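> If you use full-length UniProt numbering, the sequence shown corresponds to residues 1 to 397, in order. Glycine included, C-beta positions come from ideal geometry on N, C-alpha and C. As the structure is a computational prediction, the values presented were derived from the model and not from experiment. One structure follows; several queries about it will come next.
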Amino acid sequence: MSDAGQHQQGNEGQNGPGKKFDTKLIHFGNEVDAATGASSVPIYQVSTFHHHDIFNPPEYDYSRSGNPTRQALEDYIAVLEGGEQGFAFSSGMSAISTTFMLFSAGDHLIVTEDVYGGTYRLLTNILSRLNIEATFVDMTNFENVKAALKPNTKAVYMETPSNPTLKITDMALIAAWGREHDLLSIVDNTFMTPYYQRPIELGVDIVLHSATKFLGGHSDVLAGLAVARSESLGRRLKFLQNGLGTVLGAQDSWLLMRGMKTLGARMAHSEISARKLADWLNQRKDIDAVFYPGLPDHPGRDVQEKQSTGYGAVVSFDVGSGERAKQVLSKVKLPLVAVSLGAVESILSYPAMMSHASMPREVRHERGITDGLLRFSVGLEDIDDLIADLEQALENN
């Protein structure tokens with residue numbers, strides 16, 4: 001699992017016969033326009049469609065309900081994830097919130113403990129008002145998941161690796177347990193993308209993405225994606241997408257498809273660099289902790305290698321205090337100091353004040369999201385330059 005060649009080997013095993021994943025990224029079924037032979041899916045910048053025969057409605061009638069450009073993207077992500085049907089939304093949180101609308105007042109969900117702050121905020125401040133209850137558990141211990149089961153539990157929601165402490169959840173184990181109890185299993189696959197990890201092939205029912213991140217890859221589009229394992233589940237998500245109107249526009253759908261074509265090259269490069277960064281940080285005595293599933297001492301490494309073909313491009317590390325973290329953030333010169341991740345440029349984030357600012361301080365600390373924790377999304381720069389830059393920022397403190 002140390003290089004792109006090994007990823008290709010894992011690729012073949014997960015996809016079975018037929019095209020390998022890197023080929024699917026380019027040849028996904030809509031790469032050539034059938035009408036004109038254009039090498040890019042056309043942008044149908046349109047709100048409505050003419051009915052040539054009112055008694056035989058066309059495939060598309062209104063862009064909220066369906067748009068050919070968005071449909072090409074939705075088919076694209078379904079191919080990559082190995083699901084029945086894909087859906088494109090206006091943001092990652094739009095995809096997550098629409099999926100949570102599968103549930104009703106009185107339902108209970110089991111959720112990864114150190115989940116993304118926006119998901120935590122949605123569950124605790126919005127869905128709680130609708131009487132949808134969530135229990136947050138450390139899913140690295142399967143006994144915690146089983147203990148959280150209630151008579152009204154309807155789903156298990158996983159983030160693996162989790163954001164930002166990169167804990168690993170055994171998706172196949174929990175999905176199988178969920179089926180035994182008639183629970184939906186949902187995974188946020190933003191960090192790994194289908195390039196490294198395909199939860200549906202492990203039995204998961206719904207896969208979600210903030211496509212703003214690695215799938216888009218260029219910090220220029222806001223988007224979310226969902227993939228349903230079954231046709232029946234797809235119909236339910238389609239009803240919600242149309243009813244709520246949480247759709248992605250045609251321009252952004254096209255831009256996201258353009259970014260996705262280079263996913264394999266970007267992820268392979270960034271992951272090699274991320275492993276070097278994690279190793280370098282792990283050797284420093286002035287770093288309290290390093291979180292990266294590719295490190296030999298990461299407690300979830302065996303599970304990660306069982307269910308994924310790589311370790312990802314995000315490294316989190318604790319510099320010891322909030323004061324030191326802020327000093328590092330003020331002195332780095334190469335990475336963006338910003339919210340988000342997964343771009344061609346490296347992005348250094350401060351979860352306590354960015355991605356998890358909506359989580360109360362005591363709750364963050366219980367989940368290991370300390371005031372000294374930084375999250376480094378490794379981009380396409382030369383890793384030696386990134387390390388030299390981070391070294392000067394650390395040593396000037």
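Let me know the secondary structure DSSP gives residue 236 once reduced to three states.
Looking at residue 236 - three-state DSSP - the assignment turns out to be helix.
> Tell me, to the nearest whole angstrom, how far the beta carbon of residue 189 is from that of residue 209; I am working on the premise that it is less than 8 Å.
Confirmed, Cβ separation roughly 6 Å.
> Would you list, in sequence order, the uninterrupted alpha helix (DSSP H) runs of no fewer than 4 residues that lie entirely inside the region 238-297?
The qualifying runs are 250-260 and 263-282.
> Alpha carbons only, please: which of 199, 326, 75 and 384 is nearest the one belonging to residue 276?
If we check each option's Cα against that of residue 276, 384 comes out closest.
> Residue 50: buried (16+ other C-beta within 10 angstroms of its C-beta) or exposed?
Per the 10 Å Cβ criterion, exposed.
> Taking all protein chains shown into account, do 16 or more other C-beta atoms lie within 10 angstroms of the C-beta of residue 394, making it buried, or fewer, making it exposed?
Per the 10 Å Cβ criterion, buried.
> Secondary structure at residue 186, three-state DSSP: helix, strand or coil?
Reduced to three states, the DSSP call for residue 186 is strand.
> Can you tell me whether residue 154 is buried or exposed? The criterion is at least 16 other CB atoms within 10 Å of its CB, across all chains shown.
Looking at its Cβ environment, which holds 16 or more other Cβ atoms inside 10 Å, residue 154 is buried.
> Shorter than 8 Å from the beta carbon of residue 383 to some beta carbon of chain C?
Absent here is chain C; the protein component of the structure consists of one chain.
> In whole angstroms, give me the CA-to-CA distance for residue 163 and residue 272.
Answer to the nearest angstrom: the Cα atoms are 20 Å apart.
> According to DSSP, simplified to helix, strand and coil, what is residue 148?
Coil.
> Is the region 107-116 close to the region 161-177, with three or more CB pairs under 8 Å?
A contact exists between the region 107-116 and the region 161-177.
> Can you tell me which residues form a DSSP beta bridge with residue 110?
135 and 156.
> Look at the Cβ atom of residue 289, then the Cβ atom of residue 252, and state whether they are nearer than 8 Å.
Taking 8 Å as the Cβ cut-off, residue 289 and residue 252 do not qualify as a contacting pair.
> Taking 8 Å as the threshold (C-beta atoms), are residue 227 and residue 368 in contact?
It is not a contact, given that the beta carbons lie outside the stated cut-off.
> With 16 other CB atoms within 10 Å as the buried threshold, where does residue 350 fall?
With 16 or more other Cβ atoms within 10 Å, it is buried.
> With 16 as the cutoff for other CB atoms within 10 Å, does residue 81 come out buried or exposed?
The residue in question, residue 81, is buried, as its Cβ has 16 or more Cβ neighbours within 10 Å.
> With a 10 Å radius around its C-beta and 16 neighbouring C-beta atoms as the bar for buried, classify residue 286 as buried or exposed.
Label assigned to residue 286: exposed.
> Within a Cβ cutoff of 8 Å, which residues of the same chain sit near residue 231, ignoring the five residues on either side of it in sequence?
So the qualifying residues of the chain are 84 and 85.
> Where does residue 27 fall in DSSP's three states?
Coil.
> Shortest alpha-carbon distance to residue 200 belongs to which of 284, 77 and 139?
Taking only the C-alpha atoms, the option nearest residue 200 is 77.
> How about residue 158 and residue 140: do their beta carbons lie closer than 8 Å?
No.
> Count the other CB atoms, across all protein chains shown, that sit within 10 Å of the CB of residue 110; report buried if there are 16 or more and exposed otherwise.
When all chains shown are included, residue 110 counts as buried.
> Could you give the DSSP three-state label for residue 94: helix, strand or coil?
Helix at residue 94.
> Could you give the residue range of the beta strand (DSSP E) that holds residue 402?
In the structure displayed, the chain extends from 1 to 397; residue 402 sits before or after that span and is not available.
> For residue 50, does the three-state DSSP call read helix, strand or coil?
Of the three classes helix, strand and coil, the one that applies to residue 50 here is coil, per DSSP.
> Look at the alpha carbon of residue 292 and the alpha carbon of residue 36, and state the distance between them as a whole number of angstroms.
Spanning the two alpha carbons is a distance of roughly 46 Å.
> I'd like the list of long-range same chain contacts for residue 254, defined as Cβ closer than 6 Å, with 5 residues on each side in sequence excluded.
Once the five neighbours on either side are set aside, the close Cβ partners of residue 254 are 43 and 69.
> Could you please give me the residues that DSSP links to residue 209 through a beta bridge?
Paired residue(s): 225.
> The alpha helix (DSSP H) with residue 403 in it runs from where to where?
For residue 403 there is no data in the structure shown, the boundaries of the chain being 1 and 397.
> Could you give the C-beta distance for residue 344 and residue 274, rounded to a whole number, given that I count them as a contact under 8 Å?
With 8 Å as the limit, residue 344 and residue 274 do not qualify as a contact, their Cβ atoms being about 14 Å apart.
> Closest by CA to residue 107, which one among 123, 93, 92 and 96?
Checking every option, the nearest Cα to that of residue 107 belongs to 123.
> If you count every other CB in all the chains shown that lies within 10 Å of the CB of residue 404, and 16 or more means buried, which is it?
Within the shown structure, residues of the chain are numbered from 1 to 397, placing residue 404 beyond reach of any answer.
> In the structure shown, what three-state DSSP assignment does residue 389 receive?
Residue 389 falls in the helix class under three-state DSSP.
> For residue 130, name the three-state secondary structure that DSSP assigns.
Here residue 130 sits in helix by DSSP.
> Just to confirm the assignment, what range does the alpha helix (DSSP H) spanning residue 178 have?
171-180 is the span of the alpha helix (DSSP H), which, as asked, contains residue 178.
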